[in-house]
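First to last, the sequence lines map onto chains D and L.
Under numbering that gives the first Met the number 0, the first residue of the first sequence carries the number 0, and numbering increases by one thereafter.
Under numbering that gives the first Met the number 0, the first residue of the second sequence carries the number 0, and numbering increases by one thereafter.
Here a beta-carbon is modelled for each residue, glycine too, at the ideal position from N, C-alpha and C.
As the structure is a prediction and not an experimental result, all values here were calculated from the model.
Number of protein chains: 2
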Amino acid sequence: MGKHQHHEHQGESLADAARANLEKSGEKWTDTRAAIFEALAGFSRPASAYDIAELVSTARGKRVAPNSVYRILDLFVANNLAMRVESANAYLANSHPGCEHDCIFLVCDTCGEATHIDDELLSQQVRKVAKNQGFSSIRPVIEVRGICQKCT
Amino acid sequence: MGKHQHHEHQGESLADAARANLEKSGEKWTDTRAAIFEALAGFSRPASAYDIAELVSTARGKRVAPNSVYRILDLFVANNLAMRVESANAYLANSHPGCEHDCIFLVCDTCGEATHIDDELLSQQVRKVAKNQGFSSIRPVIEVRGICQKCT
DNA sequence: GAGTGTTAAGATACAACATATCATTTTCGA
DNA sequence: TCGAAAATGATATGTTGTATCTTAACACTC
Ligand SMILES: [Zn+2]
Ligand SMILES: [Zn+2]
Ligand SMILES: [Zn+2]
Ligand SMILES: [Zn+2]
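Quick look at the structure:
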């Protein structure tokens, strides 16, 4: 848990929060977006765009093309409703949309589960290292691959 | 630069160091491996397996299949002759093979160049966060995407 | 309500990244 | 030289991601 307060939403409540957040940015909460968010939030592990496309297609009885999923996931990431786990080529729903910070993901190489950590101090240090090298528009990618406790 | 001393090899010298290191592990320095290492070391940015396959194939006038390149890159990574940049799906030659540490990569979204940083303190903190969560076999992935000084 | 512009989503194709499997060649010791 | 083991090749296929164009939905004006 980070150093600041925030709700960890789930289920209905999470979708509502996501919707509110997206609409606050002037974007629409369409049926397709709702379906994709629901699917994403339903996964307990990082889900690939193709995982989501398949699930949503089945659930709605109507095909959603992967490129549409990518578009919407990009929108979600840009608006902080979801995060991309780079080392897994996959996405996670943000359980506290609207709360912006650099996330740290611990990904289990055995079960695929990802633990989401916030550590402002640590991520600020990473940003600082990059800034010292003259970087701008900094986006830290802090992940750890390993074996989780359950799988040990 | 890290807190410890090490040579930053280049060209012939780098290949020699890589070779020595690989052979120390009981692995062979074959022609194909030498060619792939040379190609990899010749790139100034992280190179994909397919980039390398193409370059080596052309240079030798004999096709190297991508899967062979992947195999050899995996071997290089396992023996610390190369590093994989996760957020770029690409590889970099290790300019000080044999020196083992968690690398930090700053990758420019504009020009693709990657700056390699070592910060033992920082990477240890990341390891610690994972350890606190019960993770084992920890492999930190610390990268920063952004715009480099040159491209600003 | 018809016309018009804008945004969202679909269809399709393809590019890029990665692995699986089996065959062939090379290496090296017995 | 023979046979086993390791390295590489050939080929196929799986997975991830983008480009381009079309169609559908929506809102706004007239
Ligand atoms: Zn938070
Ligand atoms: Zn696990
Ligand atoms: Zn070092
Ligand atoms: Zn740059």
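- A check of alpha carbon separations from residue 109 of chain D across D:142, D:148, D:127 identifies D:148 as the nearest.
- Secondary structure within the region 65-128 of chain D: the alpha helix (DSSP H) runs of 4 or more consecutive residues, fully enclosed, are 65-77 (chain order).
- Here the alpha carbons of residue 12 of chain L and residue 51 of chain D stand approximately 48 Å from one another.
- Only those residues of the region 123-138 of chain D whose C-beta falls short of 7 Å from the nearest C-beta of chain L are listed: 124, 125, 128, 129, 132, 133, 134, 135, 136, 137, 138.
- Three or more beta-carbon pairs drawn from the region 115-122 of chain L and the region 97-107 of chain L are found closer than 8 Å, and the two stretches are therefore classed as touching.
- Within chain D, the residues 121, 124, 125, 128 have their CB atoms less than 9 Å from the CB of residue 121 of chain L, given in chain order.
- Secondary structure of residue 56 of chain D (DSSP, three-state): helix.
- Counting along the chain, residue 41 of chain D sits inside no beta strand (DSSP E); it lies in the alpha helix (DSSP H) bounded by residues 30-41.
- Ordered along the chain, residues surrounding ligand 2 are D:107, D:109, D:110, D:112, D:147, D:149, D:150 [Cβ under 6 Å from any heavy atom].
- Distance between residue 142 of chain L and residue 18 of chain D, taken at the CA atoms: about 31 Å.
- Beta-bridge analysis with DSSP links residue 145 of chain D to D:107.
- When L:90, L:133, L:94, L:137 are compared, the shortest CA-CA separation from residue 44 of chain L is found for L:90.
- Listed in chain order, the positions of the region 96-117 of chain D with a beta carbon within less than 8 Å of a beta carbon of chain L are 103, 105, 107, 108, 114, 116.
- Taking a beta-carbon distance threshold of 8 Å, residue 86 of chain L counts as an interface residue toward chain D.
- In the structure shown, residue 136 of chain L adopts extended strand secondary structure according to DSSP, grouped into three states.
- Put simply, the CB of residue 44 of chain D is far from chain L, with every gap to its CB atoms at 8 Å or more.
- Taking residue 42 of chain L as reference, the option from L:33, L:54, L:31 with the minimal CA-CA separation is L:54.
- The beta-carbon of residue 60 of chain D is placed no less than 8 Å from the nearest beta-carbon of chain L.
- Under the Cβ criterion of 8 Å, residue 140 of chain L is counted among the residues facing chain D.
- A distance below 8 Å separates the beta carbons of residue 145 of chain L and residue 136 of chain D.
- For the options L:113, L:39, L:132, the alpha carbon positioned closest to that of residue 69 of chain L is the one of L:39.
- By the CB criterion at 8 Å, residue 134 of chain L and residue 105 of chain D fall inside the cutoff.
- Between residue 143 of chain L and chain D, the shortest Cβ-Cβ separation is below 8 Å.
- Using a Cβ-Cβ cut-off of 8 Å, residue 9 of chain D does not count as an interface residue toward chain L, since no Cβ of chain L sits closer than that to its own.
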